[in-house]
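> Protein chains in written order, with the UniProt record's numbering: chain A, 1 to 598; chain B, 1 to 598.
The C-beta atom is built at its ideal place from N, Cα and C for all residues, glycine as well.
Structure below; questions to follow.
Protein chains: 2
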Amino acid sequence: MPVYNPPLRDMQFVMHEVLNVSAEFQSMPQHAEVDAETINAVLEEAGKFASQVIFPLNISGDTEGCTLDKTTHEVKTPTGFKAAYKTYVEGGWAALSCDPAYGGQGLPLVVNQCLYEMMNSANQAWTMYPGLTHGAYAALHTYGTDAQKDTYLPKMTSGEWTGTMCLTEPHCGTDLGLMRTKAEPLADGTYKITGNKIFISAGEHDMADNIIHLVLARLPDAPPGIKGVSLFIVPKFHVKADGSLGERNGIYCGGLEHKMGIHGNATAQIVIDGAIGTMVGQPNKGMQAMFVMMNAARLGVGNQSLGLTEVAYQNALAYAKDRIQMRSLTGPKAKDKPADPIIVHPDVRRMLLTAKAYAEGGRALAIYSSVLLEKAHNHPDEKVRKDSDEMLSLLTPITKAFLTDNGYNAATMCQQVFGGHGYIKEWGMEQFVRDARINMIYEGTNTIQSLDLLGRKVLGNNGATLKKFGKLVGALVMEEGVNEKMAEFINPLAVLGEQITKFTTEIGFKGLQNADEVGAAAVDYLRVAGHLVFGYFWARMAQVALREIAAGNTDPFYVAKLQTARFYFAKLFPETATLMRTARAGSKVLMDTDAALA
Amino acid sequence: MPVYNPPLRDMQFVMHEVLNVSAEFQSMPQHAEVDAETINAVLEEAGKFASQVIFPLNISGDTEGCTLDKTTHEVKTPTGFKAAYKTYVEGGWAALSCDPAYGGQGLPLVVNQCLYEMMNSANQAWTMYPGLTHGAYAALHTYGTDAQKDTYLPKMTSGEWTGTMCLTEPHCGTDLGLMRTKAEPLADGTYKITGNKIFISAGEHDMADNIIHLVLARLPDAPPGIKGVSLFIVPKFHVKADGSLGERNGIYCGGLEHKMGIHGNATAQIVIDGAIGTMVGQPNKGMQAMFVMMNAARLGVGNQSLGLTEVAYQNALAYAKDRIQMRSLTGPKAKDKPADPIIVHPDVRRMLLTAKAYAEGGRALAIYSSVLLEKAHNHPDEKVRKDSDEMLSLLTPITKAFLTDNGYNAATMCQQVFGGHGYIKEWGMEQFVRDARINMIYEGTNTIQSLDLLGRKVLGNNGATLKKFGKLVGALVMEEGVNEKMAEFINPLAVLGEQITKFTTEIGFKGLQNADEVGAAAVDYLRVAGHLVFGYFWARMAQVALREIAAGNTDPFYVAKLQTARFYFAKLFPETATLMRTARAGSKVLMDTDAALA
Chain A
1 MPVYNPPLRD
11 MQFVMHEVLN
21 VSAEFQSMPQ
31 HAEVDAETIN
41 AVLEEAGKFA
51 SQVIFPLNIS
61 GDTEGCTLDK
71 TTHEVKTPTG
81 FKAAYKTYVE
91 GGWAALSCDP
101 AYGGQGLPLV
111 VNQCLYEMMN
121 SANQAWTMYP
131 GLTHGAYAAL
141 HTYGTDAQKD
151 TYLPKMTSGE
161 WTGTMCLTEP
171 HCGTDLGLMR
181 TKAEPLADGT
191 YKITGNKIFI
201 SAGEHDMADN
211 IIHLVLARLP
221 DAPPGIKGVS
231 LFIVPKFHVK
241 ADGSLGERNG
251 IYCGGLEHKM
261 GIHGNATAQI
271 VIDGAIGTMV
281 GQPNKGMQAM
291 FVMMNAARLG
301 VGNQSLGLTE
311 VAYQNALAYA
321 KDRIQMRSLT
331 GPKAKDKPAD
341 PIIVHPDVRR
351 MLLTAKAYAE
361 GGRALAIYSS
371 VLLEKAHNHP
381 DEKVRKDSDE
391 MLSLLTPITK
401 AFLTDNGYNA
411 ATMCQQVFGG
421 HGYIKEWGME
431 QFVRDARINM
441 IYEGTNTIQS
451 LDLLGRKVLG
461 NNGATLKKFG
471 KLVGALVMEE
481 GVNEKMAEFI
491 NPLAVLGEQI
501 TKFTTEIGFK
511 GLQNADEVGA
521 AAVDYLRVAG
531 HLVFGYFWAR
541 MAQVALREIA
551 AGNTDPFYVA
561 KLQTARFYFA
571 KLFPETATLM
581 RTARAGSKVL
591 MDTDAALA
Chain B
1 MPVYNPPLRD
11 MQFVMHEVLN
21 VSAEFQSMPQ
31 HAEVDAETIN
41 AVLEEAGKFA
51 SQVIFPLNIS
61 GDTEGCTLDK
71 TTHEVKTPTG
81 FKAAYKTYVE
91 GGWAALSCDP
101 AYGGQGLPLV
111 VNQCLYEMMN
121 SANQAWTMYP
131 GLTHGAYAAL
141 HTYGTDAQKD
151 TYLPKMTSGE
161 WTGTMCLTEP
171 HCGTDLGLMR
181 TKAEPLADGT
191 YKITGNKIFI
201 SAGEHDMADN
211 IIHLVLARLP
221 DAPPGIKGVS
231 LFIVPKFHVK
241 ADGSLGERNG
251 IYCGGLEHKM
261 GIHGNATAQI
271 VIDGAIGTMV
281 GQPNKGMQAM
291 FVMMNAARLG
301 VGNQSLGLTE
311 VAYQNALAYA
321 KDRIQMRSLT
331 GPKAKDKPAD
341 PIIVHPDVRR
351 MLLTAKAYAE
361 GGRALAIYSS
371 VLLEKAHNHP
381 DEKVRKDSDE
391 MLSLLTPITK
401 AFLTDNGYNA
411 ATMCQQVFGG
421 HGYIKEWGME
431 QFVRDARINM
441 IYEGTNTIQS
451 LDLLGRKVLG
461 NNGATLKKFG
471 KLVGALVMEE
481 GVNEKMAEFI
491 NPLAVLGEQI
501 TKFTTEIGFK
511 GLQNADEVGA
521 AAVDYLRVAG
531 HLVFGYFWAR
541 MAQVALREIA
551 AGNTDPFYVA
561 KLQTARFYFA
571 KLFPETATLM
581 RTARAGSKVL
591 MDTDAALA
């Protein structure tokens, strides 16, 4: 059976020793009192919920899956899912970082970030049920009317109701402008909505009393394309004036997808058959609110793969210490045993350390991003809000694509450590790979993320935001450039910081002549940017570790951190050499291929 | 539903235009009459068998899986598998390249190679039932007594009986020296065998009349470790003197594994409960015969991933042309449609061309290897036999590991082309990924392959065999070095050819001081060697294409080949830059990590 130990120590390290989040919170009135002790205490309990309540349901949920009653259109989730959700709601976990105005606990988002990392490690399929609610909550919180907020947010905050995002249709995934679902205005100000949605995660289930679908649809007079899309709240059950549940609305599950993974989550085909909904935000401006959901979801998907990377790593490490097979190339190590544990082999260590370096680098980025999101919403200084939002917009596609590509590779490597046993369901490793696979696809494929990063977030403002990140890198280089002990971390980072500026300008110029040059370079570019970001955080983590060691701290945690940082810079970061070369190969080798792709 | 079109044209190109296999066969008496027409005609029919008989059973076989009757220990294969196998046997496909002395058709191995590529594309799980027989056949053909050969080979040649390789035990996979299965000699010269084997592919099924298990076990007085392992034939049913089937032997299926993929193949736990067997070869020399099976299996596993790469590519290409979504970055291409087909996007082309370049490069290597195997067995000149065997021994771990790593990546990319639909079972893409995953693990993990390549095949003879391959590269560079049109292919190949010599020497010297340096570099090294081999074949393929075009041939096949060669050298080959850098990072960053991996 797989194991999972919440990585509380590493979370504490990133939050308190590297990023000093409490200092950030002191400038925000609503969080000024939140100290490290409070955060740590909450996360310790959160870790127990993840590891003790939902982790034991991960394999069984995958094996059992969800079932649809085609008569009632009700979905039964795997055994134990509903009870675990009840525990979640009763524990107040749904409300952790929600607005106290609607019953939330008002804790900083970083706490929710860490809760979700652990829940994703424990059970991604289960975690998507509450997880989807947060995006819907955010969209309503930002764009809902007071009446809508009063009706829906308290129950979504408590977790009694969950939310969904109903975007995709059979013929339109990436290209939402092709959407056909229709919304007709009714005399009472509501809308009658008709259409078919697919791939709706947590789209139907038996875990909550009501499901609040946020549905993209077109008004009768809507302009074509993406500028004619509006957003609607379409609850599964109507909500009466007193807040109690009324009649069933005309929105139901018409089928469940058979998927590679996340079997425990109901991926629903949703039939909307004259359902009644209310509009969120302005007519034909649905994409604004949709992007509030989508950006939350993209960070959430990166966090899913962070969770899977961590749990896959923990299990592969345990196996590599336990499994004896062959002798070390340098002579027997476990002389009392008939063979050595496989962790003596350099390549087994490479696979393990790859996962570890990706998990810990990803955790630093994810926690940093959650602080940016906090500041973007809650900082009293408008400039800080704006700057934080801008930086987060740069880091969002990197978090989504880089963490999910890395997560799939890491899960695959951790599975490889198990040899043949990794291919067998009972060990749990193959499920991590299957679950991790969806994260590269949904909420915008990783190709879409790369175009968002390079086309919109970087070239779209002439590299201004990237330069701001570059300043952080530059400041660290200035600070540590003469510290010999930091040279192995700072030097490659400094080089990449300079290279990426030139690299970006180059692609920008080529892109002006031919937009396909941007598309041809984007995926490679995103990974280069990902390593700039990871390199920055790994250097900062190494900096803290070196300082602690210099100060006489003998906690082996810091030695471990340095070893992993060294591995990262020596074995993973150099990927940038090839990526810049292949990106520079340009678009011709891709586009001048009609005969090859005939 | 997925599609599959046998890539006959490309096989013909490699066999007849690049490698000129018929000229090779003329020097071998038994094949001197085999011309291109004969080969092509057989493969056309083979392609029909693969695409029409077993391809339609691929998804259904995965969904249904195998079932074990725990009372009778009999395994039921998925619906249609048994009937398809009957068609296979009746069509004579089992006997294609087998020895005419035992009823085989005696066609060159290259024909069998191409048959199996197509069957692997069509249905890897099904193909493993007949596929495992070839390794057992080869071991018996080489090491069996005349009596053993007369008893077993005719029925294995016809396909009436299938074979297995019973190596792995719960506590020993890679490290066969830990094996516990016991063989006690009996007075009549047979052996009574007792033990437990796991992960036995095609270990039990209802498709053939008898199953010939080749079982590794230990004699009572055997020395410890790998030098005390012997090989035995243990048939499911005893075979009477007249060749008819006798009593059930004490070897049966105790359980089936629940796996990530290849659900249609029965991966059996095999209980050997006092079964009677006869020895193959000499006592305690079982590993010799085992390696005949194993080398065949390793080439076969590379071929499995070649097949999956091809079929995944074909489906992704069809989808990319059909699916409309978004507009080209350079403006609308399909102006009559609401969106452009996604093949207009550079990154979609990158994913498709990656799979195509891996498939076609892999096909060239696999066909070349099958000709080497032919020459190693059947060439009248002993030196040619020896040289061919030596070169094949170098290329075997490359074929196994490089093709299977590439195949998994390619299948993952092809799945990505489908967006969300790639994650849904009905489209078939996720199955290709799940099936491809095992190929990196079984018959020696890819890490083991890399140690075999670098440690044994390269450094083990001071790079002598690698230098022989280098001479082929050098000859091509000499031949085409001044041809401007070949420069884009020849220049990077020539550079890598020089780099790899230095790189190998460097690792060799470091390895003398510290054997872990070899283990630390091996996986990166194998991929570099893989690109040297692929680069060589891609340059040769481009050479033929350029000559045909220069000669006025207007077949777009040659333009396609050139475009794919260009893509390969521009976008895939440059991976070697990073690989050499990370390999040079050495073992310290991996081994000095005890705190990190505590």
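Starting from the C-beta of residue 379/A, find all residues in its chain whose C-beta is less than 8 angstroms away, skip the five residues before and the five after it, and write them out in chain order.
Taken in chain order, the residues that qualify are 27, 28, 385, 388.
> Since residue 126/A contacts residue 81/A with CB under 8 angstroms, what's their CB separation in whole angstroms?
The pair is a contact, with the Cβ atoms about 6 angstroms apart (cut-off 8 angstroms).
> Would you decide whether residue 450/A is buried or exposed? Buried here means 16 or more other CB atoms lie within 10 Å of its CB.
It is buried - the Cβ of residue 450/A has at least 16 other Cβ atoms within 10 Å.
> For a minimum of 3 consecutive residues, which ranges assigned as the beta strand (DSSP E) are wholly contained in the UniProt domain "Acyl-CoA oxidase/dehydrogenase middle" (165-273) of chain B?
If we require 3 residues or more, the beta strand (DSSP E) runs fully inside the UniProt domain "Acyl-CoA oxidase/dehydrogenase middle" (165-273) of chain B come out as 182-185, 191-201, 210-218, 229-235, 237-239, 245-248, 251-256.
> Please state whether DSSP places residue 100/A in a helix, a strand or coil.
It is helical.
> From residue 468/A to residue 475/A, what does the alpha carbon distance come to, in whole angstroms?
Their Cα atoms are separated by approximately 11 angstroms.
> Flag residue 205/A as yes if its beta-carbon sits less than 7 angstroms from any beta-carbon of chain B, otherwise no.
It does not; no Cβ of chain B falls within 7 angstroms.
> Where residue 151/A and residue 55/B are concerned, what is the direct C-alpha to C-alpha distance, given to the nearest angstrom?
Between residue 151/A and residue 55/B, the C-alpha separation is close to 54 angstroms.
> Would you kindly work out how many angstroms separate the C-alpha atoms of residue 33/A and residue 42/A, rounded to a whole number?
Computed Cα separation, rounded: 15 angstroms.
> Mapping the DSSP letters down to three states, classify residue 142/B as helix, strand or coil.
Looking at residue 142/B - three-state DSSP - the assignment turns out to be helix.
> Of the choices 73/A, 124/A, 133/A, 593/A, whose alpha-carbon is the least far from that of residue 96/A?
That would be 133/A, whose Cα lies nearest to the Cα of residue 96/A.
> Please report the straight-line C-alpha distance between residue 537/B and residue 565/B, rounded to a whole angstrom.
The straight-line gap from Cα to Cα measures roughly 10 angstroms.
> Just mark residue 281/A as buried or exposed, buried being the case when its beta carbon has 16 or more other beta carbons within 10 Å.
That one is buried.
> Given a limit of 7 angstroms on CB to CB distance, which residues of the segment 539-563 of chain B reach chain A?
Listed by position along the chain: 556, 559, 560, 563.
> Rounded to whole angstroms, what is the Cα-Cα separation between residue 544/B and residue 491/B?
Approximately 17 angstroms, taken between the alpha carbons.
> Roughly how many angstroms lie between the CA atoms of residue 411/A and residue 245/A, to the nearest whole one?
Whole-angstrom Cα-Cα distance: 43 angstroms.
> Taking the alpha-carbon positions, what's the residue 462/B to residue 452/B distance?
If you take the alpha carbons of residue 462/B and residue 452/B, they lie about 14 angstroms apart.
> Give a yes or no on contact between the segment 387-403 of chain A and the segment 328-346 of chain A, applying the rule of three or more CB pairs nearer than 8 angstroms.
Verdict: no, contact absent.
> Which bits of chain B does residue 566/A rub up against, with CB to CB less than 7 angstroms?
Ordered by position in chain B, the residues that pass the 7 angstroms Cβ test against residue 566/A are 589.
> Per DSSP, which one or two residues make a beta bridge with residue 163/B?
DSSP lists 212/B as partners of residue 163/B.
> Please list the residues of the segment 321-332 of chain B that have a C-beta atom closer than 7 angstroms to any C-beta atom in chain A, keeping them in chain order.
Within the segment 321-332 of chain B, the residues whose Cβ lies closer than 7 angstroms to some Cβ of chain A are 325, 326, 329, 330, listed in chain order.
> Among 294/A, 356/A, 598/A, 457/A, whose alpha-carbon lies nearest the alpha-carbon of residue 560/A?
Comparing Cα-Cα distances from residue 560/A to each of 294/A, 356/A, 598/A, 457/A, the minimum goes to 356/A.
> What would DSSP say about residue 42/B, mapped onto helix, strand or coil?
Residue 42/B: helix per DSSP, three-state reduction.
> Closest Cβ-Cβ distance between residue 88/B and chain A: below 7 angstroms?
Not closer than 7 angstroms to any Cβ of chain A, the Cβ of residue 88/B fails to qualify, so no.
> Under a three-way DSSP split, which group does residue 279/B fall into?
Three-state DSSP puts residue 279/B in a strand.
> Do residue 234/A and residue 270/A have their C-beta atoms closer together than 7 angstroms?
Contact flag unset, no.
> Mind checking whether residue 47/A and residue 107/A have CB atoms under 7 angstroms apart?
Against a cut-off of 7 angstroms, the Cβ pair of residue 107/A and residue 47/A comes out as no contact.
> Quick check: is the beta carbon of residue 199/A nearer than 7 angstroms to any beta carbon in chain B?
Answer yes: the Cβ-Cβ gap between residue 199/A and chain B drops below 7 angstroms somewhere.
> Since residue 101/B contacts residue 202/B with CB under 8 angstroms, what's their CB separation in whole angstroms?
25 angstroms between Cβ atoms; not a contact.
> Taking only runs that begin and end inside the segment 269-354 of chain A, name each unbroken alpha helix (DSSP H) of 4 or more residues, in chain order.
Complete alpha helix (DSSP H) runs here, min 4: 286-322.
> Are the segment 358-374 of chain A and the segment 109-116 of chain A touching, with three or more C-beta to C-beta distances below 8 angstroms?
Yes, they touch.
> By alpha-carbon positions, which one of 512/B, 554/B, 167/B ends up nearest to residue 195/B?
The residue with the shortest Cα to Cα distance from residue 195/B is 167/B.
> Compare the beta carbon distance of residue 339/B and residue 175/A with 7 angstroms and say whether it is the shorter of the two.
Cβ distance < 7 angstroms, so residue 339/B and residue 175/A count as in contact.
> Take the Cβ of residue 291/B as the centre, count every other Cβ of all protein chains shown within 10 Å, and call the residue buried at 16 or more, exposed below.
Exposed, because fewer than 16 other Cβ atoms sit within 10 Å of the Cβ of residue 291/B.
> Residue 257/B CB to nearest chain A CB: under 7 angstroms?
Yes - at least one Cβ of chain A is within 7 angstroms of the one on residue 257/B.
> Have a look at the DSSP bridge pairing and note the partners of residue 75/B.
Answer is 68/B, bridged to residue 75/B.
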